[in-house]
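Student:
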Amino acid sequence: MNWVAPAGALLSVYRETGNARYLESCREVADWCVNGALRTSNGGFAHVWGPGAGGLEDYKNQLWIDTLFMAGLFMLRFGTAEDNEACITEALRQFDIHAGCQFDHESGLYSHGYHCLQEIRLGEHWGRGNGWAAVSVVELLDLLQGQPYDTARFGKLFKRHMEKAYELRMEDGMLRTLLDVEKAYMETSASALFAYAALKGFRLGLLDERFRDWGKQVTGNILAEHLAEDGTVLHASGGTDCQDKAGYLLVPYAPRPYNTGIALMLFSEALVHHC
2 MNWVAPAGAL
12 LSVYRETGNA
22 RYLESCREVA
32 DWCVNGALRT
42 SNGGFAHVWG
52 PGAGGLEDYK
62 NQLWIDTLFM
72 AGLFMLRFGT
82 AEDNEACITE
92 ALRQFDIHAG
102 CQFDHESGLY
112 SHGYHCLQEI
122 RLGEHWGRGN
132 GWAAVSVVEL
142 LDLLQGQPYD
152 TARFGKLFKR
162 HMEKAYELRM
172 EDGMLRTLLD
182 VEKAYMETSA
192 SALFAYAALK
202 GFRLGLLDER
212 FRDWGKQVTG
222 NILAEHLAED
232 GTVLHASGGT
242 DCQDKAGYLL
252 VPYAPRPYNT
262 GIALMLFSEA
272 LVHHC
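Heads up, the sequence shown stops at 276 in this note's numbering, and the numbers go up one at a time, no gaps.
1. For tyrosine 150, does the three-state DSSP call read helix, strand or coil?
2. Could you have a look at arginine 40 and say whether DSSP puts it in helix, strand or coil?
3. Would you mind working out which of Pro7, Ile66, Cys34 sits nearest threonine 241, comparing C-alpha positions?
4. How would you call leucine 158, buried or exposed, if buried means at least 16 neighbouring beta carbons within 10 angstroms?
5. Does tyrosine 111 come out as helix, strand or coil in the three-state DSSP assignment?
6. Pick helix, strand or coil for glutamine 63, following the three-state DSSP scheme.
7. So, glycine 126 versus threonine 189, is the Cβ gap smaller than 7 Å?
8. Which whole runs of the beta strand (DSSP E) in the region 114-199 are 3 residues long or more, in chain order?
9. For the candidate residues Gly202, Glu120, Thr233, Arg177, whose alpha-carbon lies nearest to that of valine 252?
10. Check each candidate in Ala21, Tyr115, Phe96, His106 and name the one with the smallest Cα separation from leucine 64.
11. DSSP has serine 26 in a bridge; who is on the other side?
12. What does the alpha-carbon distance come out to for the pair alanine 6 and methionine 71?
13. Run through DSSP, which three-state label would leucine 251 get?
14. Which partner residues of leucine 228 appear in the DSSP bridge assignment?
15. Check this for me: beta carbons of alanine 198 and valine 273, under 7 Å apart or not?
16. Per DSSP, what kind of secondary structure is aspartate 277 in: helix, strand or coil?
17. Bridge partners for phenylalanine 46 per DSSP, in chain order?
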């Protein structure tokens with residue numbers, strides 16, 4: 002599913018240039034999502050599976066929360082841009098499946114993964130994964146404004162999720178790699194994703210001023226404390242599989258393109274708010 006995400010850039014380039022070859026590539030990716038992607042037993046996208054993707058054999062039975070951002074957002078963007086109802090409908094189906102399996106209403110957080118055969122949640126309440134989910138849902142709510150789709154359930158889910166994250170923030174507004182584990186280390190990418198969702202949620206009228214202030218606080222902290230002189234995002238974790246609690250705490254900080262992209266997303270939204 003991670004390989005779907007770059008198609009979002011192709012869609013943006015097509016909109017800027019009008020070059021049809023980019024649109025055709027987007028159509029190919031969208032068709033694969035709707036008709037070709039491997040599904041788990043409950044119809045969800047298997048996050049990591051296929052030739053060259055690597056990973057364990059058992060991954061084909063697993064949902065990972067990252068999928069909503071990596072594939073779901075492209076499907077919604079392409080579907081709304083091209084009036085592709087099948088793409089939008091499948092994206093909403095994936096959001097429903099992942100939220101239904103992975104959102105824990107008791108904690109207000111998403112589990113990292115879900116095993117569809119064993120019907121159990123996998124991993125912990127991983128910060129970046131929850132951040133991917135928060136951004137994905139606020140983008141869904143934005144993209145489908147004025148569209149003939151019922152998104153009320155996602156609005157309620159988004160508010161519940163954001164309230165919990167707000168409750169778990171550290172004194173400086175930052176979040177941990179495991180959101181609800183006090184001994185877990187501070188993690189920049191999770192903090193930035195939630196700050197983006199907070200700022201955009203406020204802009205869309207979904208969240209109150211507390212979240213605007215939180216988003217601004219995190220933006221300022223990242224600019225002041227968590228960027229190297231060359232722009233590298235600091236204190237953001239590397240690739241992370243579903244694992245036990247101890248394993249998450251051992252994942253090292255690592256410079257990664259996705260961490261840079263997350264920071265750029267936040268800074269772009271922050272400019273709208275004059276942060």
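Note that beta-carbon positions come from the ideal geometry of N, C-alpha and C, so glycine has one too.
Tutor: In this structure, then:
1. Along the sequence shown, read from residue 1 onward, the residue named residue 150 stands at position 149. Note: tyrosine 150 maps to coil in three-state DSSP.
2. The sequence position of residue 40 within the sequence shown is 39, counting from 1. It is a strand residue.
3. Locating residue 241 in the sequence shown gives position 240, counting from the first residue. If we check each option's Cα against that of threonine 241, Ile66 comes out closest.
4. Along the sequence shown, one-based indexing puts residue 158 at 157. A buried status is given to leucine 158, since no fewer than 16 other beta-carbon atoms sit within 10 Å of its beta-carbon.
5. If you number the sequence shown from 1, residue 111 lands on position 110. Strand at tyrosine 111.
6. Residue 63 sits at position 62 when you count from the first residue of the sequence shown. Under the three-state reduction of DSSP output, glutamine 63 falls in the strand class.
7. Locating residue 126 in the sequence shown gives position 125, counting from the first residue. Locating residue 189 in the sequence shown gives position 188, counting from the first residue. Sequence check: residue 126 is histidine here, not glycine. With contacts defined as CB atoms closer than 7 Å, histidine 126 and threonine 189 fail to qualify as a contacting pair.
8. Listed in chain order, the complete beta strand (DSSP E) runs (minimum 3 residues) inside the region 114-199 are 114-116, 121-123.
9. Counting from one through the sequence shown, the residue named residue 252 turns up at place 251. Residue Arg177 is the option with its Cα nearest to valine 252.
10. The sequence position of residue 64 within the sequence shown is 63, counting from 1. Considering only alpha carbons, the answer is Tyr115.
11. Position 25 of the sequence shown, counting from 1, holds the residue named residue 26. Beta-bridge partners assigned by DSSP to serine 26: none are found.
12. The count along the sequence shown starts at 1 and reaches residue 6 at position 5. The count along the sequence shown starts at 1 and reaches residue 71 at position 70. Between alanine 6 and methionine 71, the C-alpha separation is close to 5 Å.
13. One-based indexing of the sequence shown puts residue 251 at position 250. Under the three-state reduction of DSSP, leucine 251 is assigned to helix.
14. Counting from 1 along the sequence shown, the entry for residue 228 is found at position 227. The partner list for leucine 228 (beta bridge, DSSP) reads Val234.
15. Numbered from its first residue, the sequence shown carries residue 198 at position 197. Numbered from its first residue, the sequence shown carries residue 273 at position 272. Against a cut-off of 7 Å, the Cβ pair of valine 273 and alanine 198 comes out as no contact.
16. This structure cannot speak to residue 277, because the chain is shown only from 2 to 276.
17. Indexing the sequence shown from 1 puts residue 46 at position 45. Note: phenylalanine 46 sits in a beta bridge opposite Arg40.
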